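Structure first, commentary second.
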Amino acid sequence: MSKSVIEMPPKGGFSFDLCKRNEMLAKKGVSPPSFRKTGTTIVGLIFQDGVILGADTRATEGPIVCDKNCEKIHYMAPNIYCCGAGTAADTEAVTDMVSSQLQLHRYHTGRESRVVTALTLLKRHLFNYQGYVSAALVLGGVDVTGPHLHTIYPHGSTDTLPFATMGSGSLAAMAVFESKYKEGLTRDEGIKLVTEAICSGIFNDLGSGSNVDICVITKGAKEYLRNHLQPNPRTYTSSKGYSFPKKTEVLLTKITPLKEKVEIIEGGDAMEE
Amino acid sequence: MLSLLPKDFEFFITMGDSQYSFSLTTFSPSGKLVQIEHALTAVGSGQTSLGIKAANGVVIATEKKLPSILVDETSVQKIQCLTPNIGVVYSGMGPDFRVLVRKSRKQAEQYHRLYKEPIPVTQLVRETAAVMQEFTQSGGVRPFGVSLLIAGYDDNGPQLYQVDPSGSYFSWKASAMGKNVSNAKTFLEKRYTDDMELDDAVHTAILTLKEGFEGQISGKNIEIGIIGTDKKFRVLTPSEVDDYLAEVE
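Chains A and B, in that order, are what the protein sequence lines are.
First residue of the first sequence? That's 1 in UniProt numbering, and the numbers climb one at a time after it.
First residue of the second sequence? That's 1 in UniProt numbering, and the numbers climb one at a time after it.
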């Protein structure tokens, strides 16, 4: 093994050595590692009476914002809600399917659904599809065993946590949680902290934006605060109205009637069948 | 003396496998399906159940005679909910009823997932009836030994349907099934009015059940399910049933 001398990068400009290497690898069939921005900030935390879930409302299609006010907090059961990051169709379909299964389960057992039931149904489905169902979820709810908060990754692994964030804005939101979270938060403190975390994602991450949605779940009750905070309001028209000072002058008016292209032949032969 | 060649044995084996590959409901020379007739007899010897459609709701009720006083009556629930606004009661074989309830619930849920609207009562009745008909035309199965009374409230108002083991269904203003069916139907014909309120319908249902009831009627040995303009189907608790019984006295 020859000892290689550490080469100093050439002064000024960009070194294209690795680009050549990447090209060579691509020709040999080795594709570069891909990363996918999930374009969302979703969070959840456990407070003294239950669980609070929060999400931003921006849906992106590459560099374009395709929905400025979408709903990322999905209904699973009367006492369980789920925030979804990743491919919107995947999160919608998977939460819808599991919500349906939970409803049937409730009919058969006659009992309130448990959060771990939803968790297991989701992770089994995601694992079966080996990560191709691109849904990263924050699942939270309150059942007979108490409040629960879980994160589910697209490949099917799960975490159980007192506070959690997912999506491209998760680091920004987690920074807020890590510094300000404490056990036994009251409802208002919890909502304030979740709003702060989502706002941190909205303002510092390109993939997240628009408004803040909050869902508070406690024993026997739930509150879905849609657009709890709207830090990016859109003004549509000026209240004074618009007036354009200079109008285009009319110099000449000439009207030319167009000839009818279709000739109507009366009493022609019927079409052959 | 027949000398059987190996190929003959093969024939017999395949014959044996296909013994049940034809349906048990094959037409009789008189044009009837005998198994379905027998299924209806099974229904006819089941406990009485009835349903009444009022102007502002539907009520379904059934006897809940348990085989012994040692049976825990709270564990038995004959009236079941299929969707939040549709309920069902039966006469006939309990286990067959459970299977149908399970299938119907799944179909209602699938409809909801596809169309994102609660399933209309007629649709659910049609799909349940289709399942019951399947079992009269498939190999190796027998028809269901239950008749169902499906009660629901949707955009078309209150509705009551009866589904038979053959898979035929009828919409009724009031109907009864099971042991005491003829007396019960006569009683209902006399008592039924088109502008009945839900409470009157419950009273009428109780009186009809009382007609053929052996022994002391109470909240513990009958079951009543109602659905009103709130479109929420629920089974009355034994104490609520006792209250209605007291009103009837």
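Glycine included, every Cβ here is placed at the ideal spot set by N, Cα and C.
Being a predicted model, the structure only gives us computed values, none of them experimental.
*Cβ atoms of L137/A and T109/A: under 9 Å apart, would you say?*
no
_Taking 9 Å as the threshold (C-beta atoms), are L160/B and V58/B in contact?_
yes
*Can you give me the Cβ contacts of T41/A inside the same chain, cut-off strictly under 6 Å, excluding the 5 residues immediately before and after it?*
D56, G167, G169, A173, I198, G201, S208
_Rounded to whole angstroms, what is the Cα-Cα separation between T158/A and G86/A?_
Taking the straight line from one Cα to the other gives about 16 Å.
*asked:* Using the three-state DSSP reduction, which class does N227/A fall into: helix, strand or coil?
replied: Reduced to three states, the DSSP call for N227/A is strand.
*asked:* Run through chain B and tell me which residues come within less than 8 Å of Q103/A, C-beta to C-beta.
replied: E109
_Classification of T248/A by the beta-carbon crowding that lies within 10 angstroms, buried from 16 upward_ = Looking at its Cβ environment, which holds fewer than 16 other Cβ atoms inside 10 Å, T248/A is exposed.
*asked:* Using a Cβ-Cβ cutoff of less than 6 Å, which residues in the same chain neighbour Q101/A once the five nearest sequence positions on both sides are dropped?
replied: L121
*Closest to D205/A by CA distance: which of A59/A, V30/A, S238/A, L139/A is it?*
Closest option to D205/A, judged by alpha-carbon separation, among A59/A, V30/A, S238/A, L139/A: A59/A.
_V94/A versus A135/A: straight-line alpha-carbon distance, rounded_ = 8 Å
*Grab me the residues of Y181/A's own chain with a C-beta within less than 6 Å of its C-beta, minus the 5 sequence neighbours each way, in chain order.*
F163
*Assuming L53/A contacts G140/A (C-beta within less than 8 Å), just tell me the rounded distance between them.*
About 5 Å separates the CB atoms of L53/A and G140/A; that is less than 8 Å, so the two are in contact.
*asked:* For a cutoff of 9 Å on Cβ pairs, would you count R113/B as touching chain A?
replied: yes
_Need the endpoints of the alpha helix (DSSP H) that Q80/B sits in, please._
That residue, Q80/B, is in no alpha helix (DSSP H); its beta strand (DSSP E) goes 80-83.
*Which stretch, first to last residue, makes up the beta strand (DSSP E) that contains G44/B?*
Looking at the DSSP string, G44/B is not in any beta strand (DSSP E); the run it does join, the alpha helix (DSSP H), is 34-44.
_C-beta contact flag for G92/B and G178/B at 9 Å_ = yes
*Which bits of chain A does K106/B rub up against, with CB to CB less than 8 Å?*
L104
*In the structure shown, what three-state DSSP assignment does M93/B receive?*
coil
_Less than 9 Å between CB atoms is the rule here; does M174/A satisfy it with respect to chain B?_
no
*Secondary structure at A270/A, three-state DSSP: helix, strand or coil?*
coil
_CB-CB length for T204/B against I52/B, believed under 8 Å_ = About 6 Å separates the two Cβ atoms, so the contact holds.
*asked:* So, with DSSP's three-state summary, where would you put P181/A?
replied: Strictly speaking, residue 181/A in this sequence is Tyr, with Pro absent from that position. Correct three-state label for Y181/A: coil.
*Check each residue of the region 78-92 of chain A: if its Cβ is closer than 8 Å to any Cβ of chain B, include it; give the result in chain order.*
none
*Cβ-based burial, N227/A [other Cβ within 10 Å; buried from 16]*: exposed
*Note down, in chain order, all residues in the region 107-123 of chain A with a beta-carbon under 8 Å from any beta-carbon belonging to chain B.*
Y107, H108
*Would you kindly check if the distance between the Cβ of R142/B and the Cβ of L24/B is under 9 Å?*
yes
_Just verifying my parser: in three-state terms, what is the DSSP assignment at F27/B?_
strand
*Classify I150/B as buried or exposed, calling it buried when 16 or more other Cβ atoms lie within 10 Å of its own Cβ.*
buried
*Collapsed DSSP secondary structure at H155/A in the structure displayed*: coil
_Quick check on Q48/A: buried or exposed, where buried means 16 or more other Cβ atoms within 10 Å of its Cβ?_
exposed
_chain B contact for F35/A (CB, 9 Å cutoff)_ = Low confidence applies here, because F35/A scores a pLDDT of 46, under 50, leaving its location unreliable and the question unanswered by this model.
_Less than 6 Å between C-beta atoms, sequence neighbours within five positions excluded: which residues of the same chain meet that for K185/B?_
A176
*How big is the Cα-Cα spacing for E196/A and V176/A?*
7 Å
_Residue range of the unbroken alpha helix (DSSP H) whose run includes F187/B_ = 181-191
*Identify every run of the alpha helix (DSSP H) within the region 111-172 of chain B, keeping only runs that are complete inside it and at least 4 residues long; order them along the chain.*
121-134
_Let me see if you follow: with CB-CB separation under 9 Å, is R102/B close to chain A or not?_
Chain A contact via Cβ: present.
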